[in-house]
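Step one of this worksheet: look at the structure below.
Protein chains in written order, with full-length UniProt numbering: chain G, 1 to 146; chain W, 1 to 146.
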C-alpha cells in the first residue's frame, strides 16, 4: 500500500488537479464559443500545421496527442466531416493512413490562433514569472514520460 | 492583438498543456479500469466526504468543482442512479437542493482511494522534489483565480 501524501504533497496535488482541470474546461469553453473548435480539434490542427507537408500517419498523430487508436479514429472522422482534415493512404505503404490538413483546416487554425492566444496569456502565461515558467517546463517534462 | 509567446513561454505552455492533458487521461483511464468511477465521480465523492454531515448545496458543489449548473445536474443525476449520492431539499430553504453522500458512495470512495493514490504518486507526486511541489502549489493557486 502506498504511503499517504504529506500535508505539502496533498495541498500541491489538490491545488494542481482542481486548478488544471478548471483551466482545461475554461480553455475548451472559450475556444468553442469563439471558434466552434474543441481543444482536441485545435491540437490536431497545430500538430498537422507543423508537420512536413501538413500530413502525419494516424499512429504518429495519436502518439503526439497521447490518444488511443479508437480515440484518434473518432477525432479524425469528426474533423473529416467538417472539412478540416482529409484521410488518405500513406504514399510509401498502401496499408497505412495519413491525416492531411486541408486549406479549410489551415484557415480555421489561423483565425482561431490569435483568440486562443489571448485566453492562454490571460489564464496562464501572464500570471507566471520566468522562474515559475522554467519550473513548469521541467516538471511537466518529467510528468510526460509515462 | 496579444503579443506572440516568447520561445520560453511557448515551450512551457506546450509542455504543460500536452503533458497535463495526458496526465488527466491517464488518471481517468486507470481509475475507471480499477473502480468504474470517473475522475468527476471521484472528486464529487471526495468533496462530499469532507463536507459537514457529508452534504452540500448543489450550487456550492458546482463552485468547488468549477462546474456549470447543467454539468453538475447531469453529474449528480448519474451518481444518484448508481446509488453513490442522493438529492434532497435543503433543510433551511425549501427551494434549494443538496447532494448527500450515501453509505455506498462512502464505501466506493474508501475502496478507490488507495488505488488512486498509487497512480497519483507514480505519475506525479513522486517525480517532483519539495521545491518543485512548492512552486506547483504557488502557480496553480494563481491560475485558479479566474
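Where a beta carbon is used, it is the ideal one built from N, C-alpha and C, also for glycine.
{"query": "Which of the three DSSP states is assigned to residue 66 of chain W in this structure?", "result": "coil"}
{"query": "Got a sec: which bits of the region 96-110 of chain W sit with their beta carbon under 7 angstroms from any beta carbon on chain G, in order along the chain?", "result": "none"}
{"query": "Within a Cβ cutoff of 7 angstroms, which residues of the same chain sit near residue 23 of chain W, ignoring the five residues on either side of it in sequence?", "result": "123, 124"}
{"query": "Apart from the five residues on each side of it in sequence, which residues of its chain come closer than 7 angstroms, Cβ to Cβ, to residue 25 of chain G?", "result": "none"}
{"query": "Please classify residue 96 of chain W as buried or exposed, where buried requires at least 16 neighbouring CB atoms within 10 angstroms.", "result": "exposed"}
{"query": "Sorted by chain position, which residues of the same chain lie with C-beta nearer than 7 angstroms to residue 100 of chain G's C-beta, five sequence neighbours on each side aside?", "result": "54, 55, 85, 86, 88"}
{"query": "Counting only Cβ-Cβ distances shorter than 9 angstroms, please list the residues of the region 22-37 of chain W near chain G, keeping chain order.", "result": "22, 23, 24, 25, 26, 27, 29"}
{"query": "Under the three-state reduction of DSSP, which class applies to residue 36 of chain G: helix, strand or coil?", "result": "coil"}
{"query": "Is the distance from the Cβ of residue 143 of chain G to the Cβ of residue 19 of chain W below 7 angstroms?", "result": "yes"}
{"query": "Going by C-alpha distance, which of G/130, G/145, G/140 is nearest residue 8 of chain W?", "result": "G/130"}
{"query": "Is the beta carbon of residue 120 of chain W sitting closer than 7 angstroms to the one on residue 135 of chain G?", "result": "no"}
{"query": "Could you pull the start and end residues of the beta strand (DSSP E) that residue 82 of chain G belongs to?", "result": "Looking at the DSSP string, residue 82 of chain G is not in any beta strand (DSSP E), and its letter there is neither H nor E."}
{"query": "Between residue 147 of chain G and the rest of its own chain, which residues show a CB-CB distance below 6 angstroms, the 5 nearest in sequence each way excluded?", "result": "In the structure displayed, chain G extends from 1 to 146; residue 147 of chain G sits before or after that span and is not available."}
{"query": "So, with DSSP's three-state summary, where would you put residue 5 of chain W?", "result": "coil"}
{"query": "Roughly how many angstroms separate the alpha carbons of residue 11 of chain G and residue 137 of chain W, rounded to a whole number?", "result": "7 angstroms"}
{"query": "Within the same chain, show all residues whose beta-carbon is closer than 6 angstroms to that of residue 112 of chain G, passing over the 5 residues directly before and after it, in chain order.", "result": "35, 37"}
{"query": "Under the three-state reduction of DSSP, which class applies to residue 128 of chain G: helix, strand or coil?", "result": "coil"}
{"query": "Could you tell me the alpha carbon to alpha carbon distance between residue 30 of chain W and residue 116 of chain W, rounded to whole angstroms?", "result": "8 angstroms"}
{"query": "Under 8 angstroms Cβ-Cβ, which residues of chain W neighbour residue 44 of chain G?", "result": "The premise fails here: residue 44 of chain G is roughly 12 angstroms from chain W at the closest Cβ pair, so nothing lies under 8 angstroms."}
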